Amino acid sequence: MKITIIGTGYVGLVTGTCLAEMGNEVLCLDVDPVKIEMLNRGEIPIFEPGLEAMVQKNCRENRLRFTTDIVESVEYGLLQFIAVGTPPDEDGSADLQYVLTAARNIGRYMTHDVTIVDKSTVPVGTAYRVQGVVREELQKRGLDLPFSVASNPEFLKEGAAIDDFMRPDRIIIGADDDEAIHRLRTLYAPFQRNHERILVMDICSAELTKYAANAMLATRISFMNELAQLAEKLGADIEQVRQGVGSDARIGYHFLYAGCGYGGSCFPKDVQALQRRAMDEGMNLRIIDAVQKVNEDQKQVLVDKILLRYGKDLGGYHFALWGLAFKPNTDDMREAPSRSVISLLLSHGATVCAYDPAALHEAKRVFGNKPGLSYANSAMEALDSADALIIVTEWKSFRSPDFGLMASRLRTPVIFDGRNLYEPIEMKNEGFEYYPIGRRRP
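In the working numbering, the protein residues as written are 15 to 456.
Take a look at the structure:
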């Protein structure tokens with residue numbers, strides 16, 4: 015099947031590459047010539063395990079191509095996937111300008127029957143707006159070409175996107191056109207040889223499903239983070255609580271880890287956009303409102319612990335920080351807790367030396383030449399002469415370090431752990447002053 019992917023960001027590039035891997039012929043469009051040149055060299059603009067090799071393989075085998083030519087891209091695919099960004103607008107709603115521009119270009123240049131597929135995360139009702147824009151452009155041209163619009167939301171975790179796409183839990187198809195449903199069923203048939211994974215529903219329900227899923231996961235995180243604060247006051251251990259709660263089959267263990275808040279390109283934006291869409295309908299989603307407030311507060315918890323330990327004036331104190339990306343196995347720092355932690359520490363007069371296995375280049379772009387902030391080339395190098403270590407991202411390489419070496423490089427053996435990587439009793443035995451989140455300190 016010939017497929018056009020509009021947008022070569024995270025979702026578009028993963029989608030196009032994985033569809034090519036299954037034997038489809040894919041043309042990816044982007045208006046950024048620098049990005050397209052990079053992709054045509056076999057390089058990728060994001061960090062995602064396994065993706066670069068898969069891009070190179072499918073380009074060599076002529077199933078995956080990249081272009082800036084809009085006319086070529088519209089002419090190419092029977093399926094036209096819109097996978098452009100939907101950043102938050104000033105009022106918190108999803109900004110649909112890139113989605114609607116993509117739709118307008120399809121209507122402006124299409125010459126044959128196509129199915130337009132919204133892959134971007136978009137508010138309920140967007141598919142009908144896309145439909146209207148395409149029809150408007152066709153009318154300007156005096157044409158009455160057949161086309162259909164479907165919703166096919168993505169459910170990809172950064173750091174595990176290829177596995178998520180190739181072995182999906184579910185494939186949501188929102189459509190009211192039988193031919194669109196048939197085309198998408200045909201496309202995804204190779205992904206469900208083991209068992210049926212496709213759920214067909216109306217378009218509005220498909221669009222809402224994506225927001226509802228991310229909001230539910232964000233809710234679980236904020237719920238456990240708030241319980242972690244209570245656990246500290248009551249002398250309970252949130253890790254033991256997590257195991258006790260998660261063992262209930264109705265609840266499960268996923269997304270129940272207390273920490274220093276969630277970030278990334280999806281949860282903060284989508285939770286905010288869902289609330290904004292509800293407000294457009296005269297509703298206030300009170301649970302969603304609380305989820306956002308708890309998360310913003312949670313990003314300050316580590317700094318609150320530091321200020322309690324050292325005082326509000328951190329002038330003269332130097333801290334090592336492990337983890338800049340919002341989660342492991344990505345270089346994405348959008349809404350990352352590290353951004354709040356670093357900014358707050360610097361505002362209190364401290365200096366910070368940060369390390370991340372993948373996101374150093376992104377951190378330098380985000381922070382620029384910020385006074386008081388430096389970077390290390392290794393986790394251990396970051397510790398040199400630091401008054402304490404702050405852990406913000408749970409990279410696997412941070413889980414089993416040489417604690418003796420750590421203690422020798424730190425000025426004082428103090429750790430503020432925003433991801434509860436270590437056991438408090440073991441840290442005490444290693445001679446560390448250890449400040450986790452919601453754990454009992456021996």
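Using N, Cα and C, we set each Cβ at its ideal position, and we do this for glycine too. Just so you know, these numbers come straight off a predicted model, no measurement behind them.
Identify, in the order they occur along the chain, each residue of the same chain with its Cβ nearer than 8 Å to the Cβ of residue i, setting aside the five sequence neighbours on each side.
{"i": "residue 378", "result": "389"}
{"i": "residue 372", "result": "61, 339, 343, 344 and 345"}
{"i": "residue 435", "result": "405, 408, 412 and 413"}
How many Å lie between residue i and residue j at the Cα?
{"i": "residue 252", "j": "residue 432", "result": "13 Å"}
{"i": "residue 260", "j": "residue 123", "result": "52 Å"}
{"i": "residue 37", "j": "residue 112", "result": "28 Å"}
{"i": "residue 203", "j": "residue 173", "result": "25 Å"}
{"i": "residue 231", "j": "residue 149", "result": "37 Å"}
{"i": "residue 303", "j": "residue 239", "result": "15 Å"}
{"i": "residue 368", "j": "residue 52", "result": "28 Å"}
{"i": "residue 249", "j": "residue 346", "result": "35 Å"}
{"i": "residue 63", "j": "residue 118", "result": "34 Å"}
{"i": "residue 242", "j": "residue 451", "result": "6 Å"}
{"i": "residue 212", "j": "residue 222", "result": "16 Å"}
{"i": "residue 384", "j": "residue 308", "result": "28 Å"}
{"i": "residue 76", "j": "residue 125", "result": "24 Å"}
{"i": "residue 408", "j": "residue 274", "result": "11 Å"}
{"i": "residue 35", "j": "residue 417", "result": "43 Å"}
{"i": "residue 360", "j": "residue 103", "result": "28 Å"}
{"i": "residue 441", "j": "residue 419", "result": "14 Å"}
{"i": "residue 195", "j": "residue 188", "result": "8 Å"}
Strictly under 8 Å for the Cβ-Cβ distance: is residue i near chain C by that measure?
{"i": "residue 225", "result": "Given the protein chain composition of this structure (a single chain), no chain C is represented."}
If residue i sits next to residue j, beta carbons under 8 Å apart, how far is it from one beta carbon to the other, in whole angstroms?
{"i": "residue 218", "j": "residue 329", "result": "That pair is no contact at about 55 Å."}
{"i": "residue 166", "j": "residue 186", "result": "7 Å"}
{"i": "residue 30", "j": "residue 78", "result": "7 Å"}
{"i": "residue 58", "j": "residue 45", "result": "At roughly 17 Å, the Cβ-Cβ gap does not stay under 8 Å, so residue 58 and residue 45 are not in contact."}
{"i": "residue 18", "j": "residue 121", "result": "Contact flag wrong, Cβ pair sits at about 14 Å."}
{"i": "residue 354", "j": "residue 314", "result": "7 Å"}
{"i": "residue 446", "j": "residue 427", "result": "5 Å"}
{"i": "residue 96", "j": "residue 116", "result": "5 Å"}
{"i": "residue 386", "j": "residue 365", "result": "4 Å"}
{"i": "residue 406", "j": "residue 352", "result": "5 Å"}
{"i": "residue 402", "j": "residue 429", "result": "7 Å"}
What first and last residue would you give for the alpha helix (DSSP H) that runs through residue i?
{"i": "residue 215", "result": "Premise fails: residue 215 lies in the beta strand (DSSP E), 212 to 215, not in any alpha helix (DSSP H)."}
{"i": "residue 202", "result": "192 to 202"}
{"i": "residue 375", "result": "374 to 381"}
{"i": "residue 147", "result": "140 to 154"}
{"i": "residue 449", "result": "That residue, residue 449, is in no alpha helix (DSSP H); its beta strand (DSSP E) goes 447 to 449."}
{"i": "residue 179", "result": "175 to 180"}
{"i": "residue 85", "result": "84 to 90"}
Please name the residue or residues paired with residue i in a DSSP beta bridge.
{"i": "residue 365", "result": "332"}
{"i": "residue 431", "result": "405"}
{"i": "residue 25", "result": "Residue 25 is not bridged to any residue."}
{"i": "residue 40", "result": "17 and 78"}
{"i": "residue 108", "result": "102"}
{"i": "residue 236", "result": "Its beta-bridge partners do not exist; DSSP assigns none."}
{"i": "residue 388", "result": "367"}
{"i": "residue 318", "result": "DSSP, once it has assigned bridges, lists no residue as partnering residue 318."}
{"i": "residue 94", "result": "18 and 130"}
How far does the beta strand (DSSP E) with residue i in it reach, from first residue to last?
{"i": "residue 424", "result": "Where residue 424 is concerned, there is no enclosing beta strand (DSSP E), given that its DSSP letter is neither H nor E."}
{"i": "residue 163", "result": "161 to 165"}
{"i": "residue 17", "result": "16 to 20"}
{"i": "residue 186", "result": "185 to 188"}
Residues in the same chain with beta-carbon distance under 7 Å from residue i, minus the five sequence neighbours each way, listed in chain order, please.
{"i": "residue 224", "result": "135 and 167"}
{"i": "residue 363", "result": "327, 328 and 329"}
{"i": "residue 145", "result": "163"}
{"i": "residue 349", "result": "277, 278, 282 and 340"}
{"i": "residue 50", "result": "44, 80, 81 and 82"}
{"i": "residue 423", "result": "394, 397 and 398"}
{"i": "residue 201", "result": "15 and 93"}
Leaving out five residues before and five after residue i in sequence, what residues of the same chain have Cβ atoms less than 6 Å from its Cβ?
{"i": "residue 380", "result": "347"}
{"i": "residue 235", "result": "269 and 276"}
{"i": "residue 299", "result": "289 and 292"}
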